[in-house]
Each structure stands twice: as C-alpha cells, then as structure tokens.
Amino acid sequence: MRETSEWSDLSVSELKDYLRERGMPVSGRKEELVRRVEKNSIFQAEIADFPSNNKGFGRLLDRIRNLPFSTLMVISIIVVGGSGGAVVYGDEVLDFIQGDPDYVLIDFDTEKTREFAQSLVDLGHPEWEGRMSGTVEEENTANAIKNNFTSMGIPSTMDEFDVNMFEIGDEPDLSICVPGDIGNIFGGPTPCSTADVNRQITQFAHREDYVIQGYSGSVDIFHAENAEIVDLGNGSEDSDWPSAASKIAMVWIEIGTDGNTDLLERALANDVNSMITVNSLTNCNELVMDDCIPYFKGIDLTRFDFIPDSFGFIMVSKSVGTTISDSVINGDGRIQMRIDVNNQAVSTIHVPCGIIEGKTDSIIILGAHHDTVYNGQGAVDDSSGVATLQEIARQFS
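For the sequence shown, the numbering used here begins at 8 and goes up steadily by one.
This is the structure we're talking about:
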C-alpha cells in the first residue's frame, strides 16, 4: 500500500493501470484519478495465526522496528492483535517482510555452448544436415544429449512417443525446360525429352529456391508431360479453384492469402493435382536481396479425414514464382516436379530429460527441441537453444 502523497507522483498511464487492475473507472483528469485511487486504496489480505513465539512473526516485528516513522504510520495497520497471534497480510506485505531473495549467478561458458551447438549440427544427415523428427539422426542426437547429462552427473531418462510424421526420401527435383529447335520440329523428338538435345533446363535448388510443405505426398511430373499450371492469384476466390482441376495450382502468398490448411482443403475439394505457393510476403530482402525466400509450413491434420499420398505441395521463392509465371504459364517452358515423401508414416520421436533434484517441491522445466522439422541444420531454437540448455545443465551440475 502507498502513502497518499505518492499517488500524485505516478503518471496518468500508471494511475489508469492501477485502477483498471482493480476494476475501477479510468476516465477523468489526473486529479480525479488520484482522488479515486486514494479513496479506494485498499489491499487484498488474509488472516493467519502465528504462535506468539513464531520466528516469522518476530522477524516481522524486527523489520517494523527498523522502519522510518512515516512508513510505520502506513504499515501499522497490518498488525492486528499481535500478542494474540493474528496477523493480517497481503502479497505485497509478504514480499516486504521477507525481503529480497538471495540469488546466485551461475557461470556461462560461451565456447562450451558453441561446442554443444556444433555437435548437434555434426549429428545431422550427411547430405541434408537435418535431424528430422523420427529419423536416425534425431535419435542419435537425443542419445547424445542424454549421454551429456549422464557425464555431467545428472540422472536422465529417455521417453519415446509415436506420432504422425511425414518422411522425406530422395532429394526432390524442380526445374523448367524450354524446348530446343529440334524438339519443336513437327514429327521430331518429344520436346524436352533426352532426344531434344538443345533444350534449355533451369534447375532450382532445394531448400534455397523451394521447400516441400507438410503434408505433401509423392509426385512425379516430368518435362515431357507439359503439365499445365493455373495461376490462382492469392487463392481467395473460390470460383477460380475449379479451373485448376487435374492441374497444378499456383497461389501467391500475400496479404489476404489463407494458410496452408485452408489452401490444401480447397485444392483437394477441387481435385487439384499439385500445388505451388509463392512467397511474396515474408522473409523478403533479408537473406537474399530483392527476393522472398521460401520456408516450411505444416497443416492442421485434425481438419482432414484423409491426406492423399500423391499430392505434391511446395513453396517457392518470389523469384522462382516469377520465373514459372513468365516461362511456363506465359511461355513455352515446361515444369518438372519430383517429390518423394511418405506422408502416411508414424514415426518414433525421442525426448531426453535430465533431472536435477532441488530443495523444495517446486518444479522448473527448461526445454528446447533438438529435432528439425525439415532437412536442414534448423532454426535458432533447434541448435542454439538445445546447446544453451545443456550448458545451463552443466553449470547446475
């Protein structure tokens, strides 16, 4: 509780916050707010019984004796029948009585943390570097973390959970072929086939130019098929989707574009063959200037009774989307999209847990996930977070 004169020192915003927390009106000038606070400045309290020789009660009295007189005028109302052992107290008063807790700062070795992070990266897939959930790389990483806990003298456990998870197989392929002169000759070889010797192929880099989306299935679309791509803009017009039936739908991610779950629902409802989303909204001009890089997104599986295993679903960068639009939709180019994903899998994920016994029944949980949701080294929390957690555990041990 505060002395009356202190309320005027608060800002209007602070006064309003105080009133709002107590369910009181917050309108009016500052003088009105101060009067309202002064009139209603009471605190929540409870009554606790202390025996007359209680150490906590004695500590309270000792602290009160050491207070300046002006503070005693305020705090004296908390003691009611002290000799009888009844004390009125509130949270703020308890904090005041108990004083500041004694904190001990632990050390933190940044070089050791860097070693932990590098060891996580080293345990990744030999080609893709990732530690995808449910893979042998993820399991090896979990075991390594558990072993680190053990070497620190920390008791540890390993829990396993079976979850629905997609599994990426062979490296995907996305490219555009522009037929050569020979492929365009009537009666000649099929355009963009191996016999079309002077064809031009633009190959896109997986994880840089495009990223598989969850829960894509497997699909094999070759240049020679001359698959049609339908540009649906941001995909918000339901009437446009039927035009992409049995074709590849391309949707531009911009303000107003729905998430992957809604887009996939529309695509499946309209018998779309596969879908390409183009990122033109986020991650722009950051890692790559004048471009918006693609990223992984999942879906809400609970919204689907069944996910087809032969529906291709990828996100491409803005520049790749523009190239597809110019070269394929509005040009003579032909798309090739080959994706190898088992989206019907159930995988086992592993959760190592180190346990440090404390002095009370309170539980503090520090967590970070060691797996990656894609075939890459992972985001900051996938590697640095787990490395930091291990260093904290090492210091505690």
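Every residue gets a Cβ at the ideal spot worked out from N, C-alpha and C, and that includes glycine.
Original post:
Does the distance from the CB of I185 to the CB of Q220 come in under 7 Å?
Top reply: Note that residue 185 is Val in the sequence shown, not Ile. Not closer than 7 Å, so no.
**OP:** Report the partner residues of W259 according to the DSSP bridge assignment.
**Re:** V285
Subject >> Any chain B beta carbon closer than 7 Å to S326 >> reply: Going by chain labels, chain B is absent from the structure shown, which holds only one protein chain.
Original post:
Using a Cβ-Cβ cut-off of 6 Å (strictly less than) and excluding sequence neighbours within five positions of E174, which residues of its own chain qualify?
Top reply: N349 and A352
Subject >> DSSP three-state assignment for F403, whether helix, strand or coil >> reply: helix
Original post:
When DSSP labels each residue in this structure, what does L17 get in the three-state scheme?
Top reply: coil
Subject >> N267 versus F311, N233 and G131, residue with shortest Cα-Cα distance >> reply: F311
Original post:
Is the beta carbon of D227 less than 7 Å from the beta carbon of R345?
Top reply: yes
Original post:
Taking DSSP as the reference, what is the three-state secondary structure of V41?
Top reply: helix
Subject >> I183 versus I331, G392, L22 and L373, residue with shortest Cα-Cα distance >> reply: I331
Original post:
Near T395, which residues of its chain fall below 7 Å by C-beta distance, leaving aside the five closest residues on each side in sequence?
Top reply: T120
Subject >> Cβ-based neighbour list, S20, same chain, cut-off 8 Å, excluding 5 preceding and 5 following >> reply: none
Original post:
Any chance the stretch 242-250 sits against the stretch 368-375, with 3 or more Cβ pairs inside 8 Å?
Top reply: no
Subject >> Residues near L308 by beta carbon distance below 8 Å, same chain, minus five either side >> reply: N171, Y222 and I314
**OP:** Assess, as a yes-or-no matter, whether the stretch 357-369 is touched by the stretch 155-165 under the definition of 3 or more beta carbon pairs within less than 8 Å.
**Re:** yes
**OP:** Tell me whether the beta-carbon of E261 lies closer than 7 Å to the beta-carbon of S287.
**Re:** yes
Original post:
Beta carbon of Y217, beta carbon of L181: below 7 Å?
Top reply: yes
Subject >> Separation of I336 from T142, as counted between CA atoms >> reply: 38 Å
Subject >> Three-state secondary structure assigned by DSSP to I85 >> reply: The pLDDT assigned to I85 is 46, lower than 50, so where the model puts this residue is not dependable; a value taken from the coordinates is nonetheless given after this. DSSP places I85 in helix when its eight states are reduced to three.
**OP:** Have a look at D16 and I306 and give me their C-alpha separation to the nearest angstrom.
**Re:** 52 Å
Original post:
How far does the alpha helix (DSSP H) with L270 in it reach, from first residue to last?
Top reply: N267 to A276
**OP:** Taking all protein chains shown into account, decide if V111 is buried (16 or more other Cβ within 10 angstroms of its Cβ) or exposed.
**Re:** exposed
Original post:
Quick one: Cα of D24 to Cα of K46, how far?
Top reply: 16 Å
Original post:
Under three-state DSSP, which class holds G305?
Top reply: coil
Subject >> Exposed unless 16 or more other CB atoms sit within 10 angstroms - verdict on M139 >> reply: buried
**OP:** Excluding the 5 residues preceding and the 5 following I84 in the sequence, name in chain order all residues of the same chain whose CB lies nearer than 7 Å to its CB.
**Re:** Low local confidence applies: a pLDDT of 44 at I84 is under 50, so the model's placement there is unreliable, with the coordinate-based value given in what follows. Cβ neighbours of I84 beyond the five flanking positions: none.
**OP:** Under 8 Å Cβ to Cβ from V258, same chain only, skipping five residues before and after it: list those, please.
**Re:** L239, G240, N241, G242, T264, L270, M282, I283, T284 and V285
**OP:** Could you tell me if K366 is buried or exposed, where buried requires 16 or more neighbouring beta carbons within 10 angstroms of its beta carbon?
**Re:** exposed
**OP:** Can you grab the Cα-Cα spacing for the pair L294 / K304, in whole Å?
**Re:** 18 Å
Original post:
When you compare each of F403, V393 and S404 to V128 by their alpha carbons, which one comes out closest?
Top reply: V393
Subject >> T148 to P179 span [Cα, whole Å] >> reply: 25 Å
Original post:
What residues in its chain sit with their C-beta under 6 Å from that of I300, if we drop five residues either side in the sequence?
Top reply: N290, L294 and S324
Subject >> Beta-carbon gap between I255 and A274 smaller than 7 Å >> reply: no
**OP:** Would you kindly report the start and end of the unbroken beta strand (DSSP E) that includes S5?
**Re:** Residue 5 cannot be examined here, being either before or after the span of the chain that is shown, 8 to 404.
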